[in-house]
Amino acid sequence: MTSKAFTPWILGLTGGIGSGKSAAAERFVELGVHLVDADQAARWVVEPGRPALASIVERFGPGVLQGDGQLDRAALRQLIFADPAQRKWLEQLLHPLIGQEIFSYLAKAQSPYAVYVSPLLIESGQHQKVQRVLVIDVPQEIQVARTLARDNTSPEQVQAILKAQLAREERLAHADDVVNNNADLAALYTQIDRLHHFYLTLRGGQP
Ligand code: ATP
6 MTSKAFTPWI LGLTGGIGSG KSAAAERFVE LGVHLVDADQ AARWVVEPGR
56 PALASIVERF GPGVLQGDGQ LDRAALRQLI FADPAQRKWL EQLLHPLIGQ
106 EIFSYLAKAQ SPYAVYVSPL LIESGQHQKV QRVLVIDVPQ EIQVARTLAR
156 DNTSPEQVQA ILKAQLAREE RLAHADDVVN NNADLAALYT QIDRLHHFYL
206 TLRGGQP
């Protein structure tokens, strides 16, 4: 068993749809920083052998499993799609487990600080569990344009997601650090590199 003399502090990385969280996250990984995002943790908690998968099969039947024993996400989505009660049951099962998974994973990180990426960091209240909040900020026009260029989606769908997320100003009000991602990727990386050097000087996320 390896032992570790320190616990890394946690940076919460957030931003609206298409703001550049994944692009920023990739840069942190290149810099050797350990990182997890909410989607990864959501997949881990339902891996074969985990108690959550057994609970889901018990409730919805073996039809939610693929031949290889993995969760068939499409089948489950289909079952809960038109059933708010089932969806609520699933959320109540998974949300606390995902939260635990994220923070126990990050506590084991081997870098001086670790990053948690979530589009809903502030909306979910999880910003209270991190030591510092970094917001990737772009004007809404750029958010929409980049999301439409990336995804096979409609302007209406993007607007609906924007509406469900925090307004830009409210998100910025929770930021300890802000990266403006309105220029090219090189400009984004330069800002992340600068912040990384600053972060390495911090203890517990504080100067
Ligand atoms: P979501 O929350 O929707 O998953 P995100 O915040 O992770 O989005 P990214 O996927 O990183 O955003 O960026 C959205 C799109 O914009 C991607 O196609 C990405 O390659 C592109 N992009 C990000 N930053 C820049 C930039 N500075 N210049 C040009 N394109 C960029």
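One gets the numbering used here by counting positions in the sequence shown from 1 and adding 5 to each.
The beta-carbon is built from N, C-alpha and C at its ideal position, and this holds for glycine as well.
Can you tell me whether residue i sits near the ligand ATP, meaning its C-beta is under 7 angstroms from at least one heavy atom of the ligand?
i	result
N186	yes
L190	yes
S220	Past the edges of the chain, shown from 6 to 212, lies residue 220, and the structure says nothing about it.
G210	no
A28	yes
L193	yes
I197	no
G25	yes
I22	yes
T152	yes
R173	no
Alpha carbon to alpha carbon, what distance is there between residue j and residue i?
i	j	result
P117	L16	11 angstroms
T12	V51	26 angstroms
D77	L177	37 angstroms
T19	V140	5 angstroms
Q83	R48	17 angstroms
F86	T195	42 angstroms
G68	R155	33 angstroms
L193	P56	40 angstroms
N186	A112	29 angstroms
I61	A28	33 angstroms
Any idea if residue i is buried or exposed, counting beta-carbon neighbours within 10 angstroms, 16 or more meaning buried?
i	result
L126	buried
A188	exposed
D88	exposed
For residue i, name the three-state secondary structure that DSSP assigns.
i	result
D198	helix
L125	coil
G72	coil
H132	helix
L16	strand
R82	helix
L36	coil
V120	strand
V163	helix
I61	helix
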